[in-house]
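Here the structure comes first, spelled out in structure tokens, and everything after it is commentary.
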Amino acid sequence: MAGLPSTIYNTVFKRTSTFALACVCATFFFERTFDLGSEYLFEKVNEGKLWKHIKHNYEK
Amino acid sequence: MWKPTKVQSYLKAANQVVSNNIAPLKPNAVIAPKPVTLIPQNPQCSFALSQLLPDGNVRISSGPAVSTQVRWAHTDINVPDWSHYRRDPVKAPTAKSTDSEEGRKSFTYLIAGAGTVTAAYAAKAVVGQFVSSMSASADVLALAKIEIKLGEIPEGKSVTFKWRGKPLFIRHRTAEEIATEQGVNVSSLRDPQHDNDRVKKPEWLVILGVCTHLGCVPIANAGDFGGYYCPCHGSHYDASGRIRKGPAPLNLEVPYYEFPDDTTLVVG
Chain A
1 MAGLPSTIYN
11 TVFKRTSTFA
21 LACVCATFFF
31 ERTFDLGSEY
41 LFEKVNEGKL
51 WKHIKHNYEK
Chain B
1 MWKPTKVQSY
11 LKAANQVVSN
21 NIAPLKPNAV
31 IAPKPVTLIP
41 QNPQCSFALS
51 QLLPDGNVRI
61 SSGPAVSTQV
71 RWAHTDINVP
81 DWSHYRRDPV
91 KAPTAKSTDS
101 EEGRKSFTYL
111 IAGAGTVTAA
121 YAAKAVVGQF
131 VSSMSASADV
141 LALAKIEIKL
151 GEIPEGKSVT
161 FKWRGKPLFI
171 RHRTAEEIAT
181 EQGVNVSSLR
191 DPQHDNDRVK
201 KPEWLVILGV
211 CTHLGCVPIA
221 NAGDFGGYYC
231 PCHGSHYDAS
241 GRIRKGPAPL
251 NLEVPYYEFP
261 DDTTLVVG
């Protein structure tokens with residue numbers, strides 16, 4: 001009966017305070033991951049079009 | 001309850017009355033019955049309509065044409081199968097819901113938490129965008145700085161520049177002036193500030209040329225203290241830009257500045 005779900009439920013989700021804290025902390029990591037991921041995807045899609053990809057042709 | 005027996009005499013003008021179906025408690029006098037008009041009922045609300053319906057058992061309950069068979073709902077009405085919508089741990093009829101309660105609640109809260117996290121991320125992005133729109137743009141910031149070659153300003157001279165629409169005084173102070181200003185007793189000043197707090201290099205005084213009284217532009221190398229003098233209302237500033245005499249309440253403002261090298265001054 002007492003497994004991972006019940007542990008998580010009792011430590012995190014049961015109290016509103018811990019739930020809110022978990023949301024805030026998760027937002028921090030989510031933002032970092034999401035921003036980096038979307039940036040990486042953008043550069044992957046626009047490979048060869050961005051200034052930093054063609055910079056070496058114009059600058060020494 | 002007091003019953004107005006004499007009121008009826010005032011109702012004589014009426015030639016017909018509407019029955020309220022309440023019998024008078026006690027007739028005081030014999031009054032000739034008035035013609036009663038029955039107003040046909042015109043049902044307009046659901047209650048009035050329901051009053052018109054026949055109530056009680058209105059069907060034929062016995063006789064040769066009446067079937068005795070009774071139709072029970074549970075025998076032939078198909079109830080839809082909702083099990084697709086139900087959580088797996090409670091699908092079995094024998095499962096105890098308390099056994100899987102925490103797991104099911106965890107899942108629900110996990111979904112809610114994921115939504116909260118996404119919403120917080122989006123809200124932060126929106127707020128950040130609005131706040132950053134309030135800050136100065138790059139072209140404004142580029143104009144907000146002024147670079148001054150210090151070699152062009154001889155010692156003992158105060159030069160005026162225009163910076164952010166305001167006059168900017170750069171004063172190349174002599175050793176004598178520096179010694180005088182540093183020796184001033186701070187407690188005797190109206191706006192107490194030591195000379196060292198107002199300059200980064202003692203030879204160079206950088207101040208805004210706006211009188212702190214009413215905003216006139218002071219005149220350099222004038223006044224009783226050898227610094228600046230405001231002609232509008234006679235405020236005297238010393239060679240450190242501090243108010244010494246006159247109506248102005250505060251010292252001349254020192255903007256942010258720095259010396260990238262020995263011959264250059266950047267204000268802003």
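Protein chains in written order, with UniProt numbering: chain A, 1 to 60; chain B, 1 to 268. Beta carbons: idealized from backbone N, C-alpha and C, even for Gly.
At least three beta-carbon pairs within less than 8 Å, the segment 25-37 of chain A to the segment 131-138 of chain B: no
Inter-residue spacing [alpha-carbon to alpha-carbon] between lysine 200 of chain B and leucine 208 of chain B: Residue mapping note: residue 200 of chain B aligns to position 200 of the second sequence, counting from 1. Residue mapping note: residue 208 of chain B aligns to position 208 of the second sequence, counting from 1. Cα-Cα distance, rounded: 15 Å.
Chain A contacts from the segment 80-100 of chain B (Cβ-Cβ distance under 8 Å): Asp99
Alpha-carbon spacing of glutamine 51 of chain B relative to lysine 91 of chain B, whole angstroms: Start at 1 with the first residue of the second sequence, and residue 51 of chain B comes out as number 51. Start at 1 with the first residue of the second sequence, and residue 91 of chain B comes out as number 91. Cα to Cα, the separation comes out at about 46 Å.
Phenylalanine 169 of chain B: first and last residue of the uninterrupted alpha helix (DSSP H) it sits in: Start at 1 with the first residue of the second sequence, and residue 169 of chain B comes out as number 169. Careful: phenylalanine 169 of chain B lies outside any alpha helix (DSSP H), inside the beta strand (DSSP E) at 166-172.
Own chain, CB closer than 7 Å to aspartate 76 of chain B, minus 5 neighbours either side, in chain order: Numbered from its first residue, the second sequence carries residue 76 of chain B at position 76. Answer for aspartate 76 of chain B: no residue qualifies.
Nearest candidate by alpha-carbon position, reference phenylalanine 225 of chain B, set B:Glu253, B:Asn196, B:Leu189, B:Val140: Looking up residue 225 of chain B in the second sequence gives position 225. Of the candidates B:Glu253, B:Asn196, B:Leu189, B:Val140, the one whose C-alpha sits nearest the C-alpha of phenylalanine 225 of chain B is B:Leu189.
Proximity winner among B:Ser19, B:Arg87, B:His84, B:Ser240, relative to residue 278 of chain B (alpha-carbon distances): Nothing in the structure corresponds to residue 278 of chain B, since chain B is present only between 1 and 268.
Residues sharing a beta bridge with phenylalanine 161 of chain B, DSSP: Counting from one through the second sequence, the residue named residue 161 of chain B turns up at place 161. Answer by DSSP bridge pairing, in chain order: B:Leu168.
Neighbourhood of methionine 1 of chain A by C-beta, 6 Å cutoff - its chain only, sequence neighbours within 5 removed: Within the first sequence, the letter at position 1 stands for residue 1 of chain A. Interpretation of methionine 1 of chain A is limited by its pLDDT of 48, a score under 50 that renders its predicted location unreliable; the figure taken from the coordinates is listed afterwards. Sequence-distant partners of methionine 1 of chain A (beyond 5 residues in either direction) whose C-beta falls short of 6 Å from its own C-beta are missing from its chain.
Contacts that phenylalanine 42 of chain A makes with chain B (C-beta to C-beta distance below 7 Å): Here residue 42 of chain A refers to the residue found at position 42 when the first sequence is read from its first residue. Near phenylalanine 42 of chain A there are no residues of chain B at all, since even the closest Cβ is about 15 Å away, more than 7 Å.
Closer than 8 Å to chain B by CB, serine 17 of chain A: The residue given as residue 17 of chain A occupies position 17 in the first sequence. It does not; no Cβ of chain B falls within 8 Å.
Coil, strand or helix - tyrosine 58 of chain A by DSSP: Stepping through the first sequence from its first residue, residue 58 of chain A is reached at position 58. Here tyrosine 58 of chain A sits in helix by DSSP.
Those residues which DSSP pairs with tyrosine 229 of chain B across a bridge: Start at 1 with the first residue of the second sequence, and residue 229 of chain B comes out as number 229. Note: tyrosine 229 of chain B sits in a beta bridge opposite B:Ile219, B:His236.
Coarse secondary structure for methionine 1 of chain A, derived from DSSP in three states: Taking the first residue of the first sequence as 1, we reach residue 1 of chain A at position 1. Because methionine 1 of chain A sits at a pLDDT of 48, beneath the cut-off of 50, its placement in the model cannot be relied upon, and the following sentence gives the value as read from the coordinates. Correct three-state label for methionine 1 of chain A: coil.
Distance between histidine 172 of chain B and alanine 157 of chain B (C-alpha atoms, nearest Å): Counting from one through the second sequence, the residue named residue 157 of chain B turns up at place 157. Counting from one through the second sequence, the residue named residue 172 of chain B turns up at place 172. For the record, residue 157 of chain B in the displayed sequence is lysine; it is not alanine. Between lysine 157 of chain B and histidine 172 of chain B, the C-alpha separation is close to 6 Å.
Cβ neighbours of leucine 50 of chain A in the same chain (closer than 7 Å, five flanking residues each side left out): As a first step, residue 50 of chain A is located in the first sequence; it is residue number 50 there, counting from the start. So the list reads Glu43, once near-sequence residues are dropped.
Contact belief for threonine 18 of chain A with valine 24 of chain A at Cβ below 8 Å, rounded distance in angstroms: Locating residue 18 of chain A in the first sequence gives position 18, where the first residue counts as 1. Locating residue 24 of chain A in the first sequence gives position 24, where the first residue counts as 1. Threonine 18 of chain A to valine 24 of chain A, Cβ: 11 Å. No contact.
Helix, strand or coil at proline 247 of chain B [DSSP, three-state]: Reading the second sequence from its first residue, position 247 is the one you call residue 247 of chain B. It is coil, neither helix nor strand.
Beta-ladder partner(s) of tyrosine 257 of chain B, from DSSP: If you number the second sequence from 1, residue 257 of chain B lands on position 257. DSSP output for tyrosine 257 of chain B lists B:Val267 as bridge partner(s).
8 Å Cβ cutoff met for glutamate 176 of chain B and aspartate 195 of chain B: Your numbering for residue 176 of chain B matches position 176 in the second sequence. Your numbering for residue 195 of chain B matches position 195 in the second sequence. By the CB criterion at 8 Å, glutamate 176 of chain B and aspartate 195 of chain B fall outside the cutoff.
Beta-carbon proximity list for threonine 174 of chain B, same chain, < 7 Å, skipping 5 on both sides: Counting from 1 along the second sequence, the entry for residue 174 of chain B is found at position 174. For threonine 174 of chain B, where only same-chain residues beyond five positions count, the Cβ hits under 7 Å are Glu155, Gly156.
Residues of the segment 137-152 of chain B whose Cβ lies closer than 7 Å to any Cβ of chain A, in chain order: none
The segment 30-57 of chain A: positions lying closer than 8 Å to chain B by Cβ: Phe30, Glu31, Phe34
Listed by chain order, chain B residues near threonine 27 of chain A by CB distance under 7 Å: By 1-based counting over the first sequence, the position of residue 27 of chain A is 27. Result: Val117, Ala120, Tyr121.
Within-8 Å CB hit, serine 132 of chain B to chain A: The residue given as residue 132 of chain B occupies position 132 in the second sequence. Chain A contact via Cβ: absent.
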